[in-house]
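Data first, discussion second: the structure below is written as structure tokens.
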């Protein structure tokens with residue numbers, strides 16, 4: 059092969075972007091009900107320093123996820139999630155060891171781990187790593203996940219299973235199976251409306267306004283979820299500044315509400331926004 063046909067596809071460091079995204083999400087301050095540089099929000103079992111330990115512990119795993127994606131790139135998408143899952147569980151154990159059993163990044167490991175694995179798959183298939191290609195690959199890897207792990211459970215046990223059967227919420231599984239549609243529809247089209255820290259705050263508010271956040275339902279029921287969605291929509295409609303965000307933080311903290319699912323999707327948003335569309 060010669061000329062343009064010989065040019066290799068762009069290789070992008072998705073695992074590195076994932077780690078940067080976790081730090082950017084953590085450092086963003088203020089964040090309503092969430093751990094940040096100022097306080098621990100609605101959480102009494104974790105703080106900023108614990109999150110730093112957690113990120114350090116799980117960082118190498120994103121590169122291992124990418125390597126696994128390259129190794130299994132030619133396997134059917136229906137098999138890839140099973141092949142990835144054992145590594146994901148091992149990564150979670152590293153997190154729990156570093157945090158003394160506290161769940162700091164389980165959702166982030168799932169979503170960003172899938173993106174890293176999908177990047178490896180694309181590279182292994184000699185395809186260009188773009189935001190659209192990554193989301194499509196994740197969707198294919200997770201095809202049927204909601205049906206198998208939520209809908210098929212006639213006697214729900216876990217919080218995710220109960221939320222599906224009570225309210226139809228699909229949580230992080232649904233986000234992955236739909237190729238992070240919430241991020242692609244509610245955040246990325248508006249990404250360049252703001253710059254710097256305001257860009258991330260605006261994205262987080264947009265996520266909180268529409269995301270069916272299972273963390274909020276676990277803490278405050280369906281009414282807690284609707285309260286946060288309404289609050290975020292009002293700020294987006296009327297305008298917001300740091301003072302408004304600090305007030306929102308105080309309100310959600312007092313109600314013990316933490317939009318952790320939206321925080322995870324904020325990290326996903328940043329990774330996708332950094333990639334070619």
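Numbering (this note's numbering), first residue to last: 59 to 335. The beta carbon of each residue, even a glycine, is placed where N, CA and C say it ideally should be. Keep in mind it's a predicted model, so treat the numbers as computed, not measured.
With H, G and I counted as helix, E and B as strand and the rest as coil, what does DSSP make of residue i?
{"i": "residue 187", "result": "coil"}
{"i": "residue 179", "result": "helix"}
{"i": "residue 74", "result": "helix"}
{"i": "residue 318", "result": "helix"}
{"i": "residue 215", "result": "coil"}
{"i": "residue 88", "result": "coil"}
{"i": "residue 223", "result": "helix"}
{"i": "residue 267", "result": "helix"}
{"i": "residue 79", "result": "helix"}
{"i": "residue 103", "result": "coil"}
{"i": "residue 279", "result": "helix"}
{"i": "residue 232", "result": "helix"}
Leaving out the 5 sequence neighbours to the left and right, which residues in its chain are closer than 7 Å to residue i when beta-carbon positions are compared?
{"i": "residue 390", "result": "Any answer about residue 390 is impossible in this case: the structure gives the chain only from 59 up to 335."}
{"i": "residue 96", "result": "87 and 88"}
{"i": "residue 245", "result": "261, 264, 265 and 327"}
{"i": "residue 291", "result": "267"}
Quick one: what's got a C-beta closer than 6 Å to residue i's C-beta in the same chain, skipping five residues either side?
{"i": "residue 275", "result": "221 and 283"}
{"i": "residue 225", "result": "280"}
{"i": "residue 117", "result": "77"}
Quick one: what's got a C-beta closer than 8 Å to residue i's C-beta in the same chain, skipping five residues either side?
{"i": "residue 139", "result": "199, 200 and 203"}
{"i": "residue 106", "result": "84, 93, 94, 95 and 98"}
{"i": "residue 240", "result": "233, 265, 268, 269 and 323"}
Self-check item: Continuous alpha helix (DSSP H) assignments of at least 4 residues falling wholly in the stretch 112-171
Solution: 135-157
Quiz item: Taking contact to mean at least 3 C-beta pairs separated by less than 8 Å, is the stretch 228-238 in contact with the stretch 276-288?
Solution: no
Quiz item: When the Cβ atoms of the stretch 124-137 are set against those of the stretch 186-194, are three or more pairs found closer than 8 Å?
Solution: no
Quiz item: On the three-pair Cβ rule with 8 Å, is the stretch 311-330 touching the stretch 255-264?
Solution: Three or more beta-carbon pairs drawn from the stretch 311-330 and the stretch 255-264 are found closer than 8 Å, and the two stretches are therefore classed as touching.
Quiz item: Looking at C-beta atoms only, is the number of pairs between the stretch 77-85 and the stretch 178-186 that lie closer than 8 Å three or more?
Solution: no
Quiz item: Using 8 Å as the Cβ pair cut-off and three pairs as the minimum, do the stretch 105-115 and the stretch 149-165 touch?
Solution: Contact between the stretch 105-115 and the stretch 149-165 is present, with at least three C-beta pairs closer than 8 Å.
Quiz item: Can you list, in chain order, the stretches of the alpha helix (DSSP H) that have 4 or more residues and sit fully within the stretch 286-335?
Solution: 300-312 and 318-332
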